[in-house]
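This report refers to the structure that appears directly beneath it.
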Amino acid sequence: MSEAKKLVESLQTDLRSLSNEAKKKHNSVKDASEAAMVKVRNITDGATESNLISRLRQASNELLHPFVMGCASKNPRLVQISLAGVQRLVQHRAVETNVVPAIVQELWSLMEAECEELRVLQTLSLIVSTDHLVSGPSLAKCLVMCFRLNFAKDPIVINTASASVRQLIDLVFERIVKEDGLNANGNGQSQTQPEAAKTSAPPRLPPATLKPAAADGYMLFRDLCLLLNAEQPSWLIGIQEMTRTLGLELLESVLSGYPSIFANHQEFVFLLKEQVCPLVIKLFSPNLKYLQVASQHPHSRQTADAPSSDRQQDRPYFPIAMRLLRVVCVLITRFYDLLVTECEIFLTLILKFMESDKLPWQRGLALETLHRITAKPDLLRSFCISYDLKPHSAKVLQSIVSGLAGFVQASFLKPESHNQSSKEEDGSDGNGQAIGQPGFLYRGIWIPLCFISAQGSPKTLLLELLDKHEPPLLSDGYCLSLAYGGMVDACQSLYQAIENEGAAAYKSELSQALFNSSHSSILATLSLLLDASIDESITETLLKCLSTLVGLSCRLEQPGARDATLGALCKASLPPNYLVRVLGAHSGSSPVDSPRSGKIDAFESDATAGHPNQVVAVGTACPTPALSSQLLSAPVMLTSKNLQSTRSLIATAQINGPQLNESWHLVLASVQHLVWILGMKPSPSGGFRTGGESGDATTVLTTAVMADVPVMASMLNKLFDMTAELDDVGLHHVIAALCKLSSESMRVAQNQREPSFFPVAKLLQTGWANLKRLPVFWKPLTAHLIEVSSVSFAKLREWGATALTMLVRQALVENIDLDEVKRQQMVLAPLLDVCEIEFADVRQKQIDCLMQIIQSRGQQLKPELWPTVITIVGSVVSGQFSFDEALIKQSYQAVNLMVTDFLETLSLRCVQMLVETDAKFGVQQKELNISLSAVGQLVSLLYIDD
1 MSEAKKLVES LQTDLRSLSN EAKKKHNSVK DASEAAMVKV RNITDGATES
51 NLISRLRQAS NELLHPFVMG CASKNPRLVQ ISLAGVQRLV QHRAVETNVV
101 PAIVQELWSL MEAECEELRV LQTLSLIVST DHLVSGPSLA KCLVMCFRLN
151 FAKDPIVINT ASASVRQLID LVFERIVKED GLNANGNGQS QTQPEAAKTS
201 APPRLPPATL KPAAADGYML FRDLCLLLNA EQPSWLIGIQ EMTRTLGLEL
251 LESVLSGYPS IFANHQEFVF LLKEQVCPLV IKLFSPNLKY LQVASQHPHS
301 RQTADAPSSD RQQDRPYFPI AMRLLRVVCV LITRFYDLLV TECEIFLTLI
351 LKFMESDKLP WQRGLALETL HRITAKPDLL RSFCISYDLK PHSAKVLQSI
401 VSGLAGFVQA SFLKPESHNQ SSKEEDGSDG NGQAIGQPGF LYRGIWIPLC
451 FISAQGSPKT LLLELLDKHE PPLLSDGYCL SLAYGGMVDA CQSLYQAIEN
501 EGAAAYKSEL SQALFNSSHS SILATLSLLL DASIDESITE TLLKCLSTLV
551 GLSCRLEQPG ARDATLGALC KASLPPNYLV RVLGAHSGSS PVDSPRSGKI
601 DAFESDATAG HPNQVVAVGT ACPTPALSSQ LLSAPVMLTS KNLQSTRSLI
651 ATAQINGPQL NESWHLVLAS VQHLVWILGM KPSPSGGFRT GGESGDATTV
701 LTTAVMADVP VMASMLNKLF DMTAELDDVG LHHVIAALCK LSSESMRVAQ
751 NQREPSFFPV AKLLQTGWAN LKRLPVFWKP LTAHLIEVSS VSFAKLREWG
801 ATALTMLVRQ ALVENIDLDE VKRQQMVLAP LLDVCEIEFA DVRQKQIDCL
851 MQIIQSRGQQ LKPELWPTVI TIVGSVVSGQ FSFDEALIKQ SYQAVNLMVT
901 DFLETLSLRC VQMLVETDAK FGVQQKELNI SLSAVGQLVS LLYIDD
């Protein structure tokens, strides 16, 4: 059966039922029903299935007449049947628009009589949801009825009316979207002129520029603002006032659900500026009376004078404040481009909610709102363009980030009594930390992390409590968890905002302004939270953020920010206070606290006393020239967080190596000290020896760290092998940093203390990795190694000589795009300079290296290089220093090798030099056998000459 025939049968059934019910007391209704039944039969007899609905619609005035009369009777049964019939006709679009006002009027009468309120609401929803059936004043009446039924006696009616209000308002604005789609011009925009929008329309009329659906929406939106402002509406006649909670919810619903309407119609933008924004600012006022108004229902017993604890004027009202911030959040995130000046005021007011004199739930609301804002890179970019980038404007972005930073810092300045109650009952330790719970511990104050929100997905609790009249008791740490999430998202949003600028991002003024407005506050907060973190996942997140900041500061060429951020990473990689007491001392600054008499808690600060991070190694401080003997002997403890931070530091240096420049010194110094504390002794092969292998009895490593040491050694090797990818300037910075550290080791060795061999070992590895560009670094690197080889401390001297001779041998083998004569001259020049060193062990390595070169590469040596080789050998017996028999014997072996194997390839000048050198060995008196052999060989050389 077709829908039209079903409608006819149902309609006849309704009319018959209405006639039967009305025949006793309501004859007029009975007569009208019978007349309507005759009309339906007549229409059906002469109609086809295709035109039946349209013919019913044409006769809708007569067909609806009995139903209207039934409603007017106020008889419950008649009203039920009548409303069912009306709903049926409306649902099948069998009603003419000119009949609707009469229906609406009867529904109004039923509402005032409190008769069949639920069915009235159902009928209203059907009427409004039918396209173009009701508009203008009739639509306004439908909305007013739903508003007023919010104050009915029956809770079911109240809930239904509340839902109906939202549904009907959505329908009104959906009509506008459809109307815009049908009437849009080529670019999809409404053709409203801005000048026309600003022209004040008569109070009860919409602007003439608006089409019908937009006009209804305009009047509705304006009246919502008026009612929220406690003013009389001009379109929703019949509502005297409205609860601000409901009004703010509806306002937010329209703003968040239909932003395209405001983009297409300047008239709505005018309302935003002239009505919504002043209203929001007014509601933010601390002196605002947050009062719930009396019921609108005609028979409601509530009165405006009724006492209520919610109406206390000495404190804010949570439901309104929460909804207000929801509205503000929508205005900022969706309409910022339209409300630049107003958003500056909103953001300032939000920040005031975070002040210390505010209630905890107020601060929580503000933090939830700011978290939503900081998670949007485009929004931060817009803030910077509109405010921070302008010379005489408020620095809004800077204020947001510094506000979050200030809140985090203030959270750790609580009195000592905080969380100091007995924890034995609830399974907590002495700091109030629940066992296994992630959180932060700083200066004895424990603050748990209540949740970890996904990046870019802010966590909201308070802003979602639309059904609560009182704020919940916030768990300890909830606000700090919000600030932590907001700051992490701010860091990521900063990165994305700059990256989104495109190819020239790091050169643009906007990128610089974005970074300058937020970097210092983000860094201070991340550093503080990293100090306090006791959870591995929290620490990892914070380290990633710091690494992101390092990358940005490098690419934006911000050396101060780069050094400060790397300093935070280095600080986290070392024990408490170590960076200042040890590295600060060797860099020229004074230690923080002078040691107390006797015992020294040298590396334990108040900030991390009792820190629960697992201690994985105990060692001693790496010696530096300015480090006192007391600090040198004090035990130093490394935690798992230190090692986690070190891995992040090394990875960050590897990623950003080309831009680190002078910061390489701080990075490599921190790594050197950590390697020392772990007892990792470098080997010439590039690896490290630890624990029993290194023979270091002062270092104790736990089982937990044993697996980390090889990983860290591998990361370090990759870091220095990566220097082959640096440009020449970057390579020079790495070598300069290592040379500076090595010079400090030399000064330590002057006091006969064992220094760190890490710098020399890594100079060797760096040189080895970059041999293909020998001319770039060879002279400064080898000059420093010669300097190291000249120190009086034997082990350090041995390292210098070993590194130098290994590089010389490999440099002659390496395939380098360089003239061979120049290459050999450059490579052998440092060996010649070693002749100025007085220590026999160094000279022995020199001669060993030369012997290996002659034996393996003698045939490839250019004639121009043999004078240098002969001079090096002869310097053992002809120089200013006297050496023992072993070195003389070893040197003479080189002379003998040249005479026996290479004499025919030598030039006459080289032969003369060789004869003179042989003669010098003959006259030396340290080793008689060598003297005799040299004289005999000299005679044989004379015969060869002859």
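Residue numbers (UniProt numbering): 1 to 946.
Quick reminder that beta carbons are idealized off the backbone N, C-alpha and C, glycines included.
Check: Of the listed residues Lys740, Leu731, Pro755, nearest to Thr766 (C-alpha basis); Outcome: Leu731
Check: Cutoff 7 Å; reference Thr539; Cβ partners in own chain excluding five residues on either side; Outcome: Leu530, Ser533, Lys641, Gln644
Check: Length-filtered (4 minimum) alpha helix (DSSP H) runs lying within the stretch 120–157; Outcome: 136–148
Check: Cβ shell of Pro458 (< 6 Å), same chain only, five flanking positions each side left out; Outcome: His371, Arg372, Ala375
Check: Stretch-stretch touch, CB-based, cutoff 8 Å, three pairs: the stretch 818–826 with the stretch 853–870; Outcome: yes
Check: Beta bridge counterpart(s) of Tyr442 as assigned by DSSP; Outcome: Ile445
Check: Gly858, enclosing alpha helix (DSSP H) - first and last residue; Outcome: Element bounds for Gly858: n/a, residue is neither H nor E.
Check: Coarse secondary structure for Val791, derived from DSSP in three states; Outcome: coil
Check: Beta bridge counterpart(s) of Ala617 as assigned by DSSP; Outcome: Leu638, Leu701
Check: Inter-residue Cα distance where the pair is Leu850 and Asp833; Outcome: 13 Å
Check: Proximity below 8 Å, CB of Ala36 to CB of Pro76; Outcome: no
Check: Counted within 10 angstroms of its Cβ, other Cβ atoms place Arg909 as buried (16 or more) or exposed; Outcome: exposed
Check: Candidates Asp535, Ser537, Ala568: closest to Leu549 by CA position; Outcome: Ala568
Check: Supposed contact pair Leu324 and Leu283 - C-beta distance, whole angstroms, cut 8 Å; Outcome: 5 Å
Check: Cutoff 6 Å; reference Val95; Cβ partners in own chain excluding five residues on either side; Outcome: Ser60, Leu89
Check: Close-in-space but distant-in-sequence residues of the same chain around Gly858 (CB under 6 Å, 5 per side omitted); Outcome: Phe902
Check: Rounded C-alpha distance that separates Lys926 from Met712; Outcome: 50 Å
Check: Cβ contact (3+ pairs, closer than 8 Å) linking the stretch 657–664 and the stretch 561–580; Outcome: yes
Check: Beta-bridge pairing of Lys681 - partner residues as DSSP gives them; Outcome: Arg689
Check: Nearest neighbour of Ala140, chosen from Phe883, Ile239, Ser475, Leu250 [CA to CA]; Outcome: Ile239
Check: Distance between Val269 and Leu339 (C-alpha atoms, nearest Å); Outcome: 9 Å
Check: 8 Å Cβ cutoff met for Cys479 and Pro316; Outcome: no
Check: Proximity to Leu224 [Cα-Cα], best of Leu716, Thr782, Leu250, Leu210; Outcome: Leu250
Check: Pro377 and Gln558 closer than 8 Å at C-beta; Outcome: no
Check: Validate contact between the stretch 739–757 and the stretch 663–670 using beta carbons, cut 8 Å, 3 pairs; Outcome: yes
Check: Extent of the continuous alpha helix (DSSP H) run through Asn661; Outcome: Note, Asn661: premise wrong, no alpha helix (DSSP H); not H, not E.
Check: Contact between the stretch 127–144 and the stretch 97–105 (3+ Cβ pairs under 8 Å); Outcome: yes
Check: Proximal residues to Thr805 (C-beta, below 6 Å), its chain only, five neighbours per side dropped; Outcome: Lys845, Cys849
Check: Nearest residue (CA-CA) to Ala490, options Phe173, Gly477, Leu542, Glu231; Outcome: Leu542
Check: Classification of Ala347 by the beta-carbon crowding that lies within 10 angstroms, buried from 16 upward; Outcome: Note that residue 347 is Leu in the sequence shown here, rather than Ala. When all chains shown are included, Leu347 counts as buried.
Check: Residue from Leu255, Ala321, Ile169 with nearest C-alpha to Ile281; Outcome: Ala321
Check: Boundaries of the alpha helix (DSSP H) in which Asp563 is found, first to last residue; Outcome: 559–573
Check: Contact check, Thr209 vs Glu274, beta carbons under 8 Å; Outcome: no
Check: C-alpha distance - Val128 paired with Thr13, whole-angstrom precision; Outcome: 25 Å
Check: Inter-residue Cα distance where the pair is Ser547 and Glu787; Outcome: 36 Å
Check: Length at least 4, wholly inside the stretch 815–849: the alpha helix (DSSP H) runs in chain order; Outcome: 820–833
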